[in-house]
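For the record, in the sequence shown the residue sitting at position 6 is 6 according to the numbering used here, with numbers rising by one throughout. Note that CB positions come from ideal geometry on N, CA and C, so glycine has one too. Notes follow once the structure below has been shown.
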Amino acid sequence: MDVLYFAWVRERIGLPKERVDSTAANVRDLVAELSARDPRYAAAFADLSALRVALDQDLSDFDASLAGVREVAFFPPMTGG
1 MDVLYFAWVR
11 ERIGLPKERV
21 DSTAANVRDL
31 VAELSARDPR
41 YAAAFADLSA
51 LRVALDQDLS
61 DFDASLAGVR
71 EVAFFPPMTG
81 G
């Protein structure tokens, strides 16, 4: 699947996008896999309450299944105005 990083998440990890082969069942498991890769990922995912996730461009949550998902995007909460 493609994993996209936006705003400060991208800055901490150092990549805007990457292709990831994962056995994770849900987003939370994917975050754990990514965090174990490198301290940059661990820093980016240290506080999940400061992050939002979208699966195939639909806002989702960290317990959502990854079955059939082609794209996961991580980004900080946005406000309008």
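Buried or exposed (CB count within 10 angstroms, at least 16 for buried), residue i
| i | result |
| --- | --- |
| Ala7 | exposed |
| Leu59 | exposed |
| Ala73 | buried |
Option in the options with minimal Cα separation from residue i
| i | options | result |
| --- | --- | --- |
| Ile13 | Phe45, Ala25, Arg28 | Phe45 |
| Pro16 | Ala32, Leu4, Ala64 | Leu4 |
| Ala64 | Glu11, Glu18, Ala24 | Ala24 |
| Pro77 | Arg70, Asp61, Asp2 | Asp61 |
| Val53 | Glu71, Arg19, Glu11 | Glu71 |
Proximity of residue i and residue j at Cβ, strictly below 8 Å
| i | j | result |
| --- | --- | --- |
| Leu66 | Val27 | yes |
| Leu48 | Val69 | no |
| Leu34 | Tyr41 | yes |
Secondary structure of residue i, DSSP reduced to three states
| i | result |
| --- | --- |
| Ala50 | helix |
| Leu66 | coil |
| Asp58 | strand |
8 Å Cβ cutoff, residue i in contact with chain B
| i | result |
| --- | --- |
| Arg12 | Among the chains in the structure shown there is no chain B, since it carries only a single protein chain. |
**OP:** At 3 residues or longer, and completely inside the region 2–43: list those beta strand (DSSP E) runs for me, N to C.
**Re:** 2–5, 17–19
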